[in-house]
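Beneath this line is the structure, given in structure tokens, with notes to follow.
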Ligand SMILES: Nc1ncnc2c1ncn2[C@@H]1O[C@H](COP(=O)(O)OP(=O)(O)OP(=O)(O)O)[C@@H](O)[C@H]1O
Ligand SMILES: [Mg+2]
């Protein structure tokens, strides 16, 4: 008898966690699928399925543009930070030099920095960058100024994280493998390309996904450095979805937008569950 | 030809002095085994020869050329690691071919050399497998194969067999001996295994906390240890040590007094010793005579009997000090018996209070 | 002498150059120029060429009245809000995180679902979670009020997010929802790293679950918890998105970051805003150093 209670008890604890974590997401999916009138009737299960909110966002709103912008920024940023960090990680995990711990400590400190601490200086730099950029390029490509700038700032705020995680992962590769390659006559660069890259691919991939999610979710810089409808990223896009009538918040559309930007993340996260967990752990505690 | 000359080499890790003024001459095509307790610097020695570790002072030369500043690939060496260190994402073939590809050898030559190595090591059937699809023994063969495809003049082995089970270890040991004959290369081999050291080595080098304690052929080290450390380190079970005092010295022998026994004359000399000095008398278990004729003897209770089939080890005591004696395999002696233990003076070693052997 | 390890060191330095450049140009330079701007009269018009004015953005006595960030009660209010928010949200997250981690350890058919579910709030952008909760807590049509009314606890829908009495609680809860999974994952990893015998030991000598947890497991996972607290704490101190979205203008929940950003981008007081953000950096720096010393996080950095 006791065993049965124990089982039920455990299952209920698990159900509580699942509902706690999933319910808000479920509820927004449900809301997003309801038409305007049904939205304003609280219920637990959808009373109708109506693609109206999605149609509005995807065909009448500039939401697709914000998705493309975010994808662009995320791709550029993550490729650059991962490449740079990969080489740095080798130096920090494989080579003994004075100041290595110091370097890692500075990296950790920067990752804990409040972004606002650099915002004023960054904004001034941004205005200079814009001037400089406008002088060089013609008007057609002006639209991407803010996005390029975002790539730059995001690279900075991603690099401490990617360096740290990749360093931790690289420490996990036995040093004899590298030494064997040295004896075989490989240069450091070649070792990074031919030996570490294949071994580290899963770790690099995990780190990249996590960096991508961080960029995708960033708000403060995006809000500060984007000014027009055409260069907004998704977080700012969602924050600025307004109703046509004042005071009436278009909850259906907001929820639909939320669902659109969240579903890919949720799918990726579920698929890569184990890897992301180890990545998160590597990012904070080290191996 | 690949003599290796190591000349007053020192190595520090931070403040820790790990290798202390080590000088060694290793003859071309010899098989040299490095032994010593854990942490004494064996791997460090090997890695310095390989070029994986810098040296702080002294010189290492291979074939007459000083290699201190040469990277590993220019030293014409290959190294086999205890953990195999195979490239996990490459097939066995690619593992063995990697070094050759880096040397920009032709395809045909690579194929030929890899297949040749695979044939010698009997791993031809696994060439297309990945390391994780292989057993420990097979992986070790691949690791050795990777070393031999490049035809280096010097092979460095760091405890290559220690991850294998006993039977496989014996088999690989024999194959390594054959390989040494076939390849005509200089081999330096680190091991913890007495049998490997004794059977494979032309020369054994005993390291003690970064100092070469003694270098010589296996039997030289066994019969004439330079000091107590080597005496105790080589041979298993260990040499027994009994404390005694010098009674008198003659021209070719030293007379010592062992508590509870008549004085005994050992045919060993040391100029620096004098009457009354404390010395340690060393005798190997197999030289102790149980219930037989000898130059000196005492009675001891038997505490433990270990029957190994070919021999039996008796755990005894002498004035409270434990002692091991070897006797025939089918001994009738039981625990609790009292036996007469004696030793032939000619088989004894004498060590002075600083551990140096009498000659 | 160009030995092997010298060569490696040189390669290592070359590989570190790009990271260093990025960090210098995008972290150190703006940090220093923010510091400098905080000593200027930068406004929108003269932003690219401001005048040095000393410390008046921080504190100035002008005709008997005190001005500057340090004399602004709204600033101190935002400091208080930030600290209240950080202390309560991190505490809540640690408690929830540990509970979740323990529940994640239960081995049965739901195990996979629990682990998957826990990652969902982590992956969702803060802005989205803010909007979701805002919607659920909405006064007229929110499901939360609907449930409470249904249960007879309240009669009329309450505007949880805008009510000064509840808005802080609401943001703490949203933050806890979003980030306790992170704590849970760290603690879970810490628990998984324990040898099985530790978890089994209690069962054998019959100690009950809570005693076992308190005396045996908790001390062992304390390092993981400390790390989680440091990371979460420093994150909470710079909170922005959530508060900006829920109610950017409310002084009941305004955080230091929201305060500083508002000065800069809504009032165009760049010098003043820079001073406010410098204060924030200082406060976080001091707290970080204390945290890191206390938890010995800097020791984690030692290799091998
Ligand atoms: N990279 C290093 N940094 C600091 N100290 C080291 C390093 N490598 C080795 N040592 C130290 O140098 C000494 C010799 O190490 P080494 O690995 O050569 O020992 P060993 O004889 O091979 O031991 P074992 O038989 O256990 O393999 C040890 O005290 C070890 O702690
Ligand atoms: Mg070793």
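Chains as they are written, first to last, in our numbering: chain E, -13 to 273; chain Z, 2 to 360; chain R, 11 to 314. Backbone N, C-alpha and C fix where the C-beta goes; we use that ideal spot for every residue, glycine too.
List the residues of chain Z whose Cβ lies closer than 7 Å to the Cβ of residue i, in chain order.
i: residue 171(E); result: 74, 100, 103 and 104
i: residue 181(E); result: 88
Mind pulling the chain R residues with CB within less than 9 Å of residue i?
i: residue 159(Z); result: Neighbours of residue 159(Z) on chain R: none; closest Cβ ~17 Å, over 9 Å.
i: residue 255(E); result: 126, 129, 130, 132 and 133
What number of angstroms, rounded off, separates the C-alpha of residue i from the C-alpha of residue j?
i: residue 257(Z); j: residue 296(Z); result: 12 Å
i: residue 20(Z); j: residue 201(Z); result: 25 Å
i: residue 270(Z); j: residue 350(Z); result: 10 Å
i: residue 295(R); j: residue 302(R); result: 10 Å
i: residue 88(Z); j: residue 161(E); result: 12 Å
i: residue 47(Z); j: residue 159(Z); result: 7 Å
i: residue 138(Z); j: residue 169(Z); result: 7 Å
i: residue 229(R); j: residue 201(R); result: 11 Å
i: residue -8(E); j: residue 115(R); result: 15 Å
i: residue 36(Z); j: residue 141(Z); result: 21 Å
i: residue 196(E); j: residue 198(Z); result: 52 Å
i: residue 63(Z); j: residue 75(Z); result: 11 Å
i: residue 103(E); j: residue 70(R); result: 22 Å
i: residue 109(Z); j: residue 147(Z); result: 17 Å
i: residue 110(E); j: residue 58(R); result: 7 Å
i: residue 224(E); j: residue 212(E); result: 14 Å
Residues of chain Z with CB closer than 8 Å to the CB of residue i, please, in chain order.
i: residue 197(R); result: By Cβ distance, chain Z contributes nothing, its closest Cβ being about 31 Å from residue 197(R), past 8 Å.
i: residue 250(E); result: What residue 250(E) touches in chain Z: nothing, since even the nearest Cβ is about 29 Å away.
Write down the C-beta distance between residue i and residue j rounded to the nearest angstrom, noting that I regard them as a contact closer than 8 Å.
i: residue 239(E); j: residue 43(E); result: 6 Å
i: residue 234(R); j: residue 199(R); result: 7 Å
i: residue 94(Z); j: residue 229(Z); result: Not quite, the Cβ-Cβ distance comes to about 50 Å (not below 8 Å), so this is no contact.
i: residue 81(Z); j: residue 144(Z); result: 5 Å
i: residue 297(R); j: residue 247(R); result: 7 Å
i: residue 23(Z); j: residue 7(Z); result: 6 Å
i: residue 241(E); j: residue 17(E); result: 4 Å
i: residue 56(E); j: residue 220(E); result: 5 Å
i: residue 193(Z); j: residue 185(E); result: In fact, because the Cβ distance is near 29 Å, the residues do not count as touching under 8 Å.
Please return the same chain residues whose Cβ sits closer than 7 Å to the Cβ of residue i, not counting the five positions on each side in sequence.
i: residue 21(E); result: 34, 36 and 38
i: residue 271(E); result: Reliability fails at residue 271(E), whose pLDDT of 48 lies under 50, so the model's placement of it is uncertain and the value that follows must be treated cautiously. Taken in chain order, the list of residues that qualify is empty.
i: residue 54(R); result: 278
i: residue 237(Z); result: 195
i: residue 29(R); result: none
i: residue 93(E); result: 146, 149 and 150
Apart from the five residues just before and just after residue i, which ones in its own chain have a Cβ nearer than 6 Å to its Cβ?
i: residue 68(R); result: 78, 79, 80 and 285
i: residue 146(R); result: 152, 153 and 154
i: residue 189(Z); result: 33 and 157
i: residue 131(R); result: 187, 188 and 191
i: residue 3(E); result: none
i: residue 15(E); result: 245
Name the chain E residues that come within less than 8 Å of residue i, Cβ to Cβ?
i: residue 79(Z); result: 169
i: residue 128(R); result: 3 and 7
i: residue 86(Z); result: 160, 162, 163, 165 and 166
i: residue 395(Z); result: With chain Z covering 2 to 360 only, the question about residue 395(Z) has no answer from this structure.
Give me the chain R residues within the contact set of residue i, using Cβ-Cβ distance strictly less than 8 Å, ordered along the chain.
i: residue 52(Z); result: 14
i: residue 190(E); result: Within 8 Å Cβ-Cβ: nothing; residue 190(E) doesn't reach chain R, min ~15 Å.
i: residue 242(E); result: Chain R residues near residue 242(E): none, gap ~11 Å exceeds 8 Å.
i: residue 237(E); result: 145, 148 and 151
Just the chain E side, please: which residues come within less than 7 Å of residue i by C-beta, in chain order?
i: residue 163(Z); result: Within chain E, no residue comes near residue 163(Z); the closest Cβ sits about 14 Å away, beyond 7 Å.
Run down chain C in chain order and give the residues with a C-beta less than 7 Å from the C-beta of residue i.
i: residue 181(Z); result: Protein chains in the displayed structure are E, Z and R, and chain C is not among them.
Residues of chain E with CB closer than 9 Å to the CB of residue i, please, in chain order.
i: residue 36(R); result: 104, 108, 111, 138, 139, 141, 142, 143 and 145
Is any heavy atom of ligand 3 found at a distance shorter than 8 Å from the C-beta of residue i?
i: residue 257(Z); result: Because ligand 3 does not appear in the structure shown, any question about it cannot be addressed here, the ligands present being ligand 1 and ligand 2.
Can you pull the chain R residues whose beta carbon is under 7 Å from the beta carbon of residue i, in chain order?
i: residue 81(E); result: 18, 19 and 22
i: residue 174(E); result: 18 and 21
i: residue 51(E); result: Residues of chain R passing the Cβ test: none, with the nearest at roughly 17 Å.
Check each residue's C-beta against every heavy atom of ligand 1 and list, in chain order, those closer than 5 Å. 14(Z), 19(Z), 39(Z), 40(Z), 41(Z), 42(Z), 43(Z), 44(Z) and 45(Z)
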